[in-house]
Amino acid sequence: GYIAGFLVAAAFMGFMADRGVTKSWIGMIATLLVGEVIIFTLGVAVLGYLIGYEASLAAGVYPFLLGDALKLLLAALIAKGVLKGAAQFAQL
Numbered sequence: 008g009y010i011a012g013f014l015v016a017a018a019f020m021g022f023m024a025d026r027g028v029t030k031s032w033i034g035m036i037a038t039l040l041v042g043e044v045i046i047f048t049l050g051v052a053v054l055g056y057l058i059g060y061e062a063s064l065a066a067g068v069y070p071f072l073l074g075d076a077l078k079l080l081l082a083a084l085i086a087k088g089v090l091k092g093a094a095q096f097a098q099l
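So that you can map any letter, position 48 of the sequence shown is 55 in my numbering, and since no number is skipped, the others follow by simple counting.
Next up, the structure:
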C-alpha cells in the first residue's frame, strides 16, 4: 500500500508542479502535505486490511508524523532553493 502511495503521490505532486502550484510557499507545502496524506491513506488501507485499522495507524502512521512533518518542511526549503537556482541558471 505504501509503495502504491508513493507512486500516486509522485504523480500528483508532479501534476501540481507542472501547473505552477508549487511556485508559492503555500502551494509547495500544500502539495507536499497532500502527497503525504496520499501515501499514508493507501498504506493504512492495505496494512489495515492485513492487521486491523487501529493497529495500522499505531504501527504505520503515528510513529512517523513528527519526522515526516519535519522532512516535509526541509523538502520545501530545498525545493524552493533548487527552483530559485534553476531560474537564475536559466537566465545565463
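Ideal Cβ placement from N, Cα and C applies to all residues, glycine included.
- DSSP places Q95 in the helix class (H, G or I) of the three-state scheme.
- Excluding five sequence positions before and after A52, the CB atoms of its chain that fall closer than 8 angstroms to its own CB belong to G8, given in chain order.
- Distance from the CA atom of D75 to the CA atom of M23, rounded to whole angstroms, is 20 angstroms.
- Here G67 has Y9, F47, G50, V51 and L54 as same chain residues with Cβ atoms under 8 angstroms from its own Cβ, once five neighbours each way along the sequence are excluded.
- In this structure S63 is buried. Its beta-carbon is surrounded by 16 or more other beta-carbon atoms within 10 angstroms.
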